[in-house]
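To start, the structure under review is shown below, and the notes come after it.
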Amino acid sequence: MHALKSSKLSTPETLSRRSCAAALALLVLTRAPQAWAGSYLDRAALLIAQATRESDYLRARLGDRELCQLVHDLASSRVRAAGGMTVPKEVAQAHPHLLLVLENYERAAASAVDGRAQKFLVYQVRARDEERVLRGVLKQLGWSLPESGSQR
(Lines of atoms letter the chains of each structure in order from A and count residues from 1; the text may use other names and numbers.)
(Lines give C-alpha, C1' and ligand atoms only; values in the text may rest on other atoms or scores of the structure.)
Protein backbone atom coordinates (compact mmCIF):
# COMPACT_ATOMS: atom_id res chain seq x y z
CA MET A 1 0.00 0.00 0.00
CA HIS A 2 2.86 2.38 0.82
CA ALA A 3 4.43 1.63 -2.54
CA LEU A 4 1.15 2.50 -4.18
CA LYS A 5 0.98 5.92 -2.50
CA SER A 6 4.55 6.80 -3.40
CA SER A 7 3.97 5.86 -7.02
CA LYS A 8 0.98 8.23 -7.15
CA LEU A 9 3.05 11.05 -5.67
CA SER A 10 5.73 10.75 -8.28
CA THR A 11 3.74 10.47 -11.47
CA PRO A 12 4.81 12.78 -14.29
CA GLU A 13 1.55 14.72 -13.96
CA THR A 14 2.08 15.31 -10.22
CA LEU A 15 5.70 16.33 -10.75
CA SER A 16 4.62 18.73 -13.47
CA ARG A 17 2.08 20.35 -11.16
CA ARG A 18 4.66 20.70 -8.42
CA SER A 19 7.14 22.21 -10.84
CA CYS A 20 4.57 24.75 -12.02
CA ALA A 21 3.63 25.63 -8.44
CA ALA A 22 7.29 26.05 -7.49
CA ALA A 23 7.96 28.21 -10.54
CA LEU A 24 4.93 30.38 -9.79
CA ALA A 25 6.01 30.81 -6.15
CA LEU A 26 9.51 31.75 -7.27
CA LEU A 27 8.13 34.26 -9.75
CA VAL A 28 5.93 35.88 -7.08
CA LEU A 29 8.79 36.05 -4.59
CA THR A 30 11.24 37.58 -7.06
CA ARG A 31 8.71 40.18 -8.25
CA ALA A 32 7.56 41.25 -4.77
CA PRO A 33 10.43 43.72 -4.12
CA GLN A 34 9.90 45.29 -7.54
CA ALA A 35 6.19 45.71 -6.90
CA TRP A 36 6.78 47.17 -3.45
CA ALA A 37 9.49 49.59 -4.61
CA GLY A 38 7.34 50.44 -7.61
CA SER A 39 4.44 51.40 -5.35
CA TYR A 40 6.74 53.56 -3.24
CA LEU A 41 8.13 55.24 -6.35
CA ASP A 42 4.62 55.90 -7.67
CA ARG A 43 3.66 57.52 -4.36
CA ALA A 44 6.86 59.56 -4.25
CA ALA A 45 6.39 60.74 -7.84
CA LEU A 46 2.81 61.80 -7.10
CA LEU A 47 3.85 63.74 -3.98
CA ILE A 48 6.64 65.53 -5.84
CA ALA A 49 4.58 66.26 -8.94
CA GLN A 50 1.79 67.84 -6.92
CA ALA A 51 4.18 69.82 -4.72
CA THR A 52 5.99 71.14 -7.79
CA ARG A 53 2.76 72.05 -9.56
CA GLU A 54 1.35 73.87 -6.53
CA SER A 55 4.59 75.73 -5.93
CA ASP A 56 4.77 76.86 -9.55
CA TYR A 57 1.14 77.95 -9.40
CA LEU A 58 1.70 79.84 -6.16
CA ARG A 59 4.81 81.57 -7.48
CA ALA A 60 2.67 83.62 -9.86
CA ARG A 61 0.18 84.46 -7.10
CA LEU A 62 2.25 85.24 -4.01
CA GLY A 63 0.00 88.17 -3.14
CA ASP A 64 -3.02 85.91 -2.54
CA ARG A 65 -2.72 85.12 1.19
CA GLU A 66 -5.63 82.67 1.25
CA LEU A 67 -4.12 80.73 -1.63
CA CYS A 68 -0.75 80.79 0.13
CA GLN A 69 -2.36 79.34 3.26
CA LEU A 70 -4.14 76.62 1.28
CA VAL A 71 -0.92 75.58 -0.48
CA HIS A 72 0.90 75.59 2.86
CA ASP A 73 -1.77 73.34 4.41
CA LEU A 74 -1.48 70.93 1.48
CA ALA A 75 2.33 70.97 1.65
CA SER A 76 2.26 70.25 5.40
CA SER A 77 -0.07 67.30 4.81
CA ARG A 78 2.24 66.01 2.10
CA VAL A 79 5.22 66.10 4.48
CA ARG A 80 3.23 64.18 7.12
CA ALA A 81 2.09 61.62 4.54
CA ALA A 82 5.62 61.02 3.28
CA GLY A 83 6.93 60.77 6.82
CA GLY A 84 4.48 57.98 7.55
CA MET A 85 5.13 55.98 4.38
CA THR A 86 6.45 52.46 4.56
CA VAL A 87 9.76 52.51 2.72
CA PRO A 88 11.07 49.37 1.01
CA LYS A 89 14.67 48.55 1.88
CA GLU A 90 15.61 48.74 -1.83
CA VAL A 91 15.09 52.52 -1.81
CA ALA A 92 15.59 53.38 1.87
CA GLN A 93 18.66 55.52 1.15
CA ALA A 94 16.59 57.78 -1.10
CA HIS A 95 13.71 58.43 1.31
CA PRO A 96 15.44 61.20 3.32
CA HIS A 97 15.84 63.10 0.06
CA LEU A 98 12.13 62.78 -0.68
CA LEU A 99 11.41 64.23 2.74
CA LEU A 100 13.81 67.12 2.09
CA VAL A 101 12.13 67.90 -1.24
CA LEU A 102 8.72 68.06 0.40
CA GLU A 103 9.97 69.96 3.46
CA ASN A 104 11.52 72.61 1.23
CA TYR A 105 8.25 73.03 -0.67
CA GLU A 106 6.47 73.33 2.68
CA ARG A 107 8.97 75.98 3.84
CA ALA A 108 8.48 77.83 0.56
CA ALA A 109 4.72 77.89 1.13
CA ALA A 110 5.21 79.01 4.75
CA SER A 111 7.38 81.86 3.51
CA ALA A 112 4.64 82.83 1.06
CA VAL A 113 2.11 82.91 3.91
CA ASP A 114 4.45 85.26 5.78
CA GLY A 115 4.81 87.48 2.72
CA ARG A 116 8.51 86.68 2.25
CA ALA A 117 8.75 86.28 -1.51
CA GLN A 118 12.55 86.05 -1.57
CA LYS A 119 12.55 83.20 0.96
CA PHE A 120 9.81 81.49 -1.06
CA LEU A 121 12.09 81.50 -4.10
CA VAL A 122 15.08 80.24 -2.11
CA TYR A 123 13.14 77.26 -0.74
CA GLN A 124 11.58 76.52 -4.12
CA VAL A 125 15.07 76.30 -5.67
CA ARG A 126 16.28 74.12 -2.78
CA ALA A 127 13.36 71.75 -3.32
CA ARG A 128 14.21 71.40 -7.01
CA ASP A 129 17.89 70.87 -6.23
CA GLU A 130 17.02 68.19 -3.69
CA GLU A 131 14.76 66.50 -6.23
CA ARG A 132 17.78 66.18 -8.52
CA VAL A 133 19.71 64.62 -5.63
CA LEU A 134 16.83 62.21 -4.99
CA ARG A 135 16.78 61.17 -8.63
CA GLY A 136 20.55 60.67 -8.57
CA VAL A 137 20.40 58.46 -5.49
CA LEU A 138 17.59 56.41 -7.01
CA LYS A 139 19.62 56.01 -10.20
CA GLN A 140 22.59 54.73 -8.19
CA LEU A 141 20.27 52.22 -6.52
CA GLY A 142 18.98 51.07 -9.91
CA TRP A 143 15.56 52.75 -9.71
CA SER A 144 13.89 55.86 -11.09
CA LEU A 145 10.81 57.90 -10.40
CA PRO A 146 8.03 57.40 -12.92
CA GLU A 147 7.71 60.42 -15.18
CA SER A 148 4.56 62.50 -15.04
CA GLY A 149 3.24 65.33 -17.16
CA SER A 150 4.57 67.96 -14.72
CA GLN A 151 8.14 66.64 -14.67
CA ARG A 152 10.80 68.72 -16.33
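Mapping to the working numbering: the sequence shown position 141 is 141, numbers consecutive.
All C-beta atoms in this analysis are idealised placements derived from N, C-alpha and C, irrespective of residue type, glycine included.
On the criterion of 16 or more Cβ atoms from any shown chain inside 10 Å, does residue i qualify as buried, or is it exposed?
i    : result
T86  : exposed
R65  : exposed
V101 : buried
S144 : exposed
S39  : exposed
R78  : buried
A127 : buried
E130 : buried
E147 : exposed
Based on Cα-Cα distance, which residue from the options lies nearest to residue i?
i    : options              : result
R61  : A109, L138, R135     : A109
K89  : L141, P146, S148     : L141
Y125 : L138, E106, V91, G83 : The amino acid occupying residue 125 in the given sequence is Val; Tyr does not appear at that position. Among L138, E106, V91, G83, the Cα nearest to that of V125 is on E106.
H97  : R132, Q69, G63       : R132
Assuming residue i is part of the alpha helix (DSSP H), what are its boundary residues?
i    : result
G83  : 65-83
R132 : 117-141
V91  : Premise fails: V91 is in no alpha helix (DSSP H) and is neither H nor E.
Rounded to whole angstroms, how far is the Cβ of residue i from the Cβ of residue j, which I believe are closer than 8 Å?
i    : j    : result
L134 : A94  : 6 Å
C68  : A112 : 4 Å
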